[in-house]
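Undergrad:
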Amino acid sequence: MRIFVDDKVDAAIDDFYDAALRLHWNTLSEETVMHGKDKLYDGIRILGNEHVIFSKARLKKEWIDSGWYEYICEGFHFAYELCKDENGEPYVWVHDAEHSLLYR
7 MRIFVDDKVD AAIDDFYDAA LRLHWNTLSE ETVMHGKDKL YDGIRILGNE
57 HVIFSKARLK KEWIDSGWYE YICEGFHFAY ELCKDENGEP YVWVHDAEHS
107 LLYR
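Here you go:
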């Protein structure tokens, strides 16, 4: 199944890792950060499996009100929606992401 990721999700991931590099410049390498990002995007690809559906979002009001599902991977919470295109083909739309340290 196809997966679409909002720019907002990419920005949340980039912002988190940019802050991590600034705060932990002496112990965190760019290679480690890239590996972490790769693991996150690999995790997002799991949502393309038609048999994988996680629970409805429970904590963030915007996500609940939108009826989105929530997936947790590598400390990030992802809000996503199961959709169908004009031909009836299913796809996943990942709308938002937030690290668990910032999740509210």
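Counted the way our numbering counts, the sequence shown spans residues 7 to 110. We treat Cβ as the ideally placed atom computed from N, Cα and C, and that holds for glycine.
(1) For V15, count neighbouring C-beta atoms within 10 Å of its own C-beta (all shown protein chains included) and say buried if the count is 16 or more, exposed if not.
(2) Buried or exposed for I78, going by 16 or more other Cβ atoms inside 10 Å?
(3) Hey, quick one: how far does the beta strand (DSSP E) through V98 stretch, first residue to last?
(4) Quick one, are the C-beta atoms of H101 and D12 less than 7 Å apart?
(5) Rounded to a whole number of angstroms, what is the C-alpha to C-alpha distance between A85 and A25?
(6) If we call anything under 7 Å between Cβ atoms a contact, is A63 one with I70?
(7) Measure the alpha-carbon distance for E76 versus M40 and round it to whole angstroms.
(8) Might you give, ordered along the chain, the residues of its own chain that have their beta carbon closer than 8 Å to the beta carbon of D91, omitting 5 neighbours on each side?
(9) Do W74 and E87 have their C-beta atoms closer together than 7 Å?
(10) Check for me: the alpha helix (DSSP H) holding I50 runs from which residue to which?
(11) Would DSSP call V15 helix, strand or coil?
TA: By the coordinates alone:
(1) It is buried - the Cβ of V15 has at least 16 other Cβ atoms within 10 Å.
(2) exposed
(3) 96 to 105
(4) yes
(5) One C-alpha to the other measures close to 22 Å.
(6) yes
(7) 24 Å
(8) Y97
(9) yes
(10) 36 to 51
(11) In the structure shown, V15 falls within a helical segment according to DSSP collapsed to helix, strand and coil.
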